[in-house]
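Numbering (my numbering), first residue to last: 5 to 434. Backbone N, C-alpha and C fix where the C-beta goes; we use that ideal spot for every residue, glycine too. This report concerns only the one structure given below.
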Amino acid sequence: MKKLLVVALLSVLTSAPAAAGDFNLKSYIKAVLAASPSLRQAEQAFTQAETSYRAALLDAALPSFNFSMADSFYDQDRHYVHFDRGDATSRLSADLNLYDSASSPLSRIKTARFDYERARLTFLIARQGEALKALARFYELYSTQRKVEISRNNLASRERQYKDTNEQFQSGTRSKIEVTQSEGDKLQSELSLAQAEAAGAKALMAFNELINAEPDSAQAVQVSTGAVEVKLPLPREDVARALENNFGLRLKQTALEKSRLSARNAIMADLPRLRVDAAWAKTNLGLFGTRGGAWDDGQTYGVGATLNFPFGFLGAQNYLDVAGRKALLKSSELDLENSIRALKTEVLTAQKDIELQVKSRQLLEFQVKAQQDATANLLEEYSLGGASFLQLDSSQTKLLDASNRQITALNDLDLALANYRALLGEEIWE
Numbered sequence: 005m006k007k008l009l010v011v012a013l014l015s016v017l018t019s020a021p022a023a024a025g026d027f028n029l030k031s032y033i034k035a036v037l038a039a040s041p042s043l044r045q046a047e048q049a050f051t052q053a054e055t056s057y058r059a060a061l062l063d064a065a066l067p068s069f070n071f072s073m074a075d076s077f078y079d080q081d082r083h084y085v086h087f088d089r090g091d092a093t094s095r096l097s098a099d100l101n102l103y104d105s106a107s108s109p110l111s112r113i114k115t116a117r118f119d120y121e122r123a124r125l126t127f128l129i130a131r132q133g134e135a136l137k138a139l140a141r142f143y144e145l146y147s148t149q150r151k152v153e154i155s156r157n158n159l160a161s162r163e164r165q166y167k168d169t170n171e172q173f174q175s176g177t178r179s180k181i182e183v184t185q186s187e188g189d190k191l192q193s194e195l196s197l198a199q200a201e202a203a204g205a206k207a208l209m210a211f212n213e214l215i216n217a218e219p220d221s222a223q224a225v226q227v228s229t230g231a232v233e234v235k236l237p238l239p240r241e242d243v244a245r246a247l248e249n250n251f252g253l254r255l256k257q258t259a260l261e262k263s264r265l266s267a268r269n270a271i272m273a274d275l276p277r278l279r280v281d282a283a284w285a286k287t288n289l290g291l292f293g294t295r296g297g298a299w300d301d302g303q304t305y306g307v308g309a310t311l312n313f314p315f316g317f318l319g320a321q322n323y324l325d326v327a328g329r330k331a332l333l334k335s336s337e338l339d340l341e342n343s344i345r346a347l348k349t350e351v352l353t354a355q356k357d358i359e360l361q362v363k364s365r366q367l368l369e370f371q372v373k374a375q376q377d378a379t380a381n382l383l384e385e386y387s388l389g390g391a392s393f394l395q396l397d398s399s400q401t402k403l404l405d406a407s408n409r410q411i412t413a414l415n416d417l418d419l420a421l422a423n424y425r426a427l428l429g430e431e432i433w434e
């Protein structure tokens, strides 16, 4: 299925089981999400919005109750302070709004629902952001660890070359200049290894930061190195998927829907406003020593309507207020339209980038394999006095560069696929 295409592209990242104590992609993302203070903060905001939504539902759908007690300590009949339980009265009342042309119970429920949905999407965006940050830190550590291995292999090759050059110089088949050049290359390889190890240490600290581990705690990451088969071109239908599911776009759509409802209510409030309310009240409840009586005594109920028309000077202020709200709403609609256009371009651009990265990765895999074979052959020939110093030096340099580019290409492609999934509104932490 096309909906599963991008998921299949990333299946290689989690297909290999991790050794005990190692991190794979899923386990690291899970650990990062569990340790993230900003995500917990977003979760608290979402929980608060959820609670507010439930409270709004009850407030809009159920009547509001009020209980009161009253007593007179001093009045015109008794000109002294007195406390008489028989004088105390109690009252219980209930009110329910049945209709409001400017702010009906249904519109209040809708408003609360929009607030809840905005908080939920904001929380999902926060999770997506933390997961993408975890991906970047994971692959950075993987990349630097691999580059340390590559630098060590390069140093070993340079040391072998330096040893062979010295031996051949002693036998008279190599010049002093070649010995000096070979020693310089070995020293350069030592520096490259030191730089790679420093980068690895920094990546490790950044990796541990997101899981609240000690900065220098040793970590091992597991990434499958199997070839990823990506069917190109990526489906154009993904644009429609992004427009339907992208978290950021859905957040803007929800905000616009709330703005429409708020603008409609505000406009209706500037027009003659009709309210229909139901009310019930009962006095003399006989509670806590207050006066009591039969249930039907002191009981009132009814349904009433009110019509209110607030207007400014000759209605001019109402007219201007309505015009201003309509303009503000139109501005929000245009902002959403612009976001839709930008998202379409972003998805199609990401598809082209992924296509280029797939081809680049395939080429680099071929180049590294070919350069490894060439360097191994040249080392053998060089040790026998056959290949020239320049040939071997060039081959070793090309192998180091191609190997580092291959690791970078692996990271770039996997991160591009993850960001592409985020554009489509997929939960990349799953």
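Original post:
Any idea what DSSP makes of Asp26, helix, strand or coil?
Top reply: Against the sequence shown, residue 26 aligns to sequence position 22. Coil, per DSSP.
Subject >> Bounding residues of the alpha helix (DSSP H) (the contiguous stretch that carries Ser266) >> reply: Within the sequence shown, numbered from 1, the residue matching residue 266 stands at position 262. Start and end: 251-273.
Subject >> Beta-carbon proximity check, Asp26 vs Gln226, cutoff 7 angstroms >> reply: Mapped onto the sequence shown, residue 26 falls at position 22. Mapped onto the sequence shown, residue 226 falls at position 222. Result yes, Cβ atoms of Asp26 and Gln226 sit closer than 7 angstroms.
**OP:** Kindly list the residues whose CB is nearer than 7 angstroms to the CB of Asp99, restricted to its own chain and excluding five residues on each side of it in sequence; keep chain order.
**Re:** To locate residue 99, count along the sequence shown from 1; it is residue 95. Pro67, Ser68, Asp281, Ala283, listed in sequence order.
**OP:** Following the continuous beta strand (DSSP E) through Gly308, name the residue where it begins and the one where it ends.
**Re:** Counted from its first residue, the sequence shown places residue 308 at position 304. Residues 303-312.
Original post:
If we ignore side chains and look at the alpha-carbon of each, how far apart do Glu430 and Ser108 end up?
Top reply: For the purposes of this step, residue 430 is taken as the residue at position 426 of the sequence shown. For the purposes of this step, residue 108 is taken as the residue at position 104 of the sequence shown. About 36 angstroms.
Subject >> CA nearest to the CA of Asp358, picked from Phe251, Leu139, Asp418 >> reply: Counting from one through the sequence shown, the residue named residue 358 turns up at place 354. It should be pointed out that residue 358 corresponds to Ile in this sequence rather than to Asp. Out of Phe251, Leu139, Asp418, Asp418 has the C-alpha closest to the C-alpha of Ile358.
**OP:** Below 7 angstroms CB to CB, which residues in the same chain sit around Val183 once its five sequence neighbours on both sides are set aside?
**Re:** Within the sequence shown, residue 183 is the residue found at index 179, counting from 1. So the list reads Thr169, Asn170, Phe173, once near-sequence residues are dropped.
Original post:
Where does Phe127 land, buried or exposed, given buried means 16+ other C-beta within 10 angstroms?
Top reply: In the sequence shown, counting from the first residue as 1, residue 127 sits at position 123. Its Cβ being crowded by 16 or more others within 10 Å, Phe127 is buried.
Subject >> Tyr166 burial status per 10 Å Cβ neighbour count (16 or more: buried) >> reply: The sequence position of residue 166 within the sequence shown is 162, counting from 1. Around the beta carbon of Tyr166, 16 or more other beta carbons lie within 10 angstroms, which makes this residue buried.
Original post:
Skipping 5 residues on each side, what residues in its chain have a beta carbon closer than 8 angstroms to that of Leu145?
Top reply: On the sequence shown, residue 145 is found 141 positions in, with the first residue counted as 1. Answer for Leu145: Gly204, Ala207, Leu208, Ala210, Phe211, Gln223, Val225, listed in chain order.
Subject >> Which residues DSSP lists as bridging Val225, in chain order >> reply: By 1-based counting over the sequence shown, the position of residue 225 is 221. Val225 pairs with Phe27.
**OP:** Starting from the N-terminal side, write out each stretch of the alpha helix (DSSP H) that is 4 residues or longer and does not extend beyond the stretch 101-183.
**Re:** Those alpha helix (DSSP H) runs which fall completely within the stretch 101-183 and span 4+ residues are 109-174.
**OP:** Go ahead and pull the three-state DSSP assignment for Asn70.
**Re:** One-based indexing of the sequence shown puts residue 70 at position 66. DSSP places Asn70 in strand when its eight states are reduced to three.
Subject >> Sequence-distant residues of the same chain with beta carbon closer than 7 angstroms to Ile60, five excluded per side >> reply: Taking the first residue of the sequence shown as position 1, residue 60 is located at position 56. Sequence inspection shows Ala at residue 60; the Ile mentioned does not correspond to that position. So the qualifying residues of the chain are Arg112, Ile113, Ala116.
**OP:** Could you tell me whether the stretch 384-403 touches the stretch 332-341, using the rule of 3 or more Cβ pairs below 8 angstroms?
**Re:** Contact between the stretch 384-403 and the stretch 332-341 is absent: fewer than three C-beta pairs spanning the two stretches fall below 8 angstroms.
Original post:
Roughly how many angstroms lie between the CA atoms of Arg437 and Lys262, to the nearest whole one?
Top reply: With the chain covering 5 to 434 only, the question about residue 437 has no answer from this structure.
Original post:
Does the stretch 157-164 come close enough to the stretch 47-66 to have 3 or more Cβ pairs within less than 8 angstroms?
Top reply: In the pairwise beta carbon analysis, the stretch 157-164 is classified as not touching the stretch 47-66: fewer than three pairs are separated by under 8 angstroms.
**OP:** Would you decide whether Val36 is buried or exposed? Buried here means 16 or more other CB atoms lie within 10 Å of its CB.
**Re:** Reading the sequence shown from its first residue, position 32 is the one you call residue 36. Burial call: buried.
Original post:
Near Ile33, what residues of its chain come up, given a Cβ to Cβ distance below 6 angstroms and the 5 sequence neighbours on each side ignored?
Top reply: By one-based count along the sequence shown, residue 33 stands at place 29. For Ile33, the CB contacts under 6 angstroms within the same chain, skipping 5 residues up- and downstream, are Ala135, Ala138, Trp433 in chain order.
**OP:** Look up Arg279 in the DSSP assignment and say whether it is helix, strand or coil.
**Re:** Position 275 of the sequence shown, counting from 1, holds the residue named residue 279. In this structure, DSSP gives Arg279 an extended state, which the three-state scheme calls strand.
Original post:
Could you give the distance in angstroms between the alpha-carbon of Ala49 and the alpha-carbon of Arg365?
Top reply: To locate residue 49, count along the sequence shown from 1; it is residue 45. To locate residue 365, count along the sequence shown from 1; it is residue 361. Using only the alpha carbons, I get a separation of about 42 angstroms.
Original post:
To which residues of the same chain is Glu153 closer than 6 angstroms at the C-beta, ignoring the five residues directly before and after it?
Top reply: Walking along the sequence shown from the start, residue 153 turns up at place 149. Close CB contacts of Glu153 within its chain, under the 6 angstroms cut and outside five residues either way in sequence, are absent.
**OP:** Work out the CA separation of Leu324 and Asp119 for me, nearest whole Å.
**Re:** Sequence index remark: in the sequence shown, residue 119 carries index 115 (1-based). Sequence index remark: in the sequence shown, residue 324 carries index 320 (1-based). Using only the alpha carbons, I get a separation of about 28 angstroms.
Original post:
What are the uninterrupted segments assigned as alpha helix (DSSP H) that are 4 or more residues long and contained completely in the stretch 405-434, given in chain order?
Top reply: As far as the stretch 405-434 is concerned, it has no whole alpha helix (DSSP H) run of at least 4 residues.
Original post:
With distances taken from CA atoms, which of Leu260, Gly390, Leu382 is nearest Lys330?
Top reply: In the sequence shown, the residue the question calls residue 330 occupies position 326. Among Leu260, Gly390, Leu382, the Cα nearest to that of Lys330 belongs to Leu260.
Original post:
Buried or exposed: Ile411, going by 16 or more other Cβ atoms within 10 Å of its Cβ?
Top reply: Numbered from its first residue, the sequence shown carries residue 411 at position 407. Buried.
Original post:
So what's Arg245 in DSSP terms, helix, strand or just coil?
Top reply: Counting from 1 along the sequence shown, the entry for residue 245 is found at position 241. Correct three-state label for Arg245: helix.
**OP:** Compare the beta carbon distance of Ser94 and Leu265 with 7 angstroms and say whether it is the shorter of the two.
**Re:** Counting from 1 along the sequence shown, the entry for residue 94 is found at position 90. Counting from 1 along the sequence shown, the entry for residue 265 is found at position 261. The Cβ atoms of Ser94 and Leu265 lie no closer than 7 angstroms to each other.
Original post:
What are the start and end residues of the alpha helix (DSSP H) that includes Phe2?
Top reply: Here the chain comprises residues numbered 5 to 434, so residue 2 is not present and cannot be evaluated.
Original post:
If you count every other CB in all the chains shown that lies within 10 Å of the CB of Tyr424, and 16 or more means buried, which is it?
Top reply: Your numbering for residue 424 matches position 420 in the sequence shown. Buried, by the Cβ-count rule.
**OP:** My understanding is that Ser105 touches Ala285, with C-beta atoms under 8 angstroms, so please give their C-beta distance in whole angstroms.
**Re:** In the sequence shown, the residue the question calls residue 105 occupies position 101. In the sequence shown, the residue the question calls residue 285 occupies position 281. That pair is no contact at about 25 angstroms.
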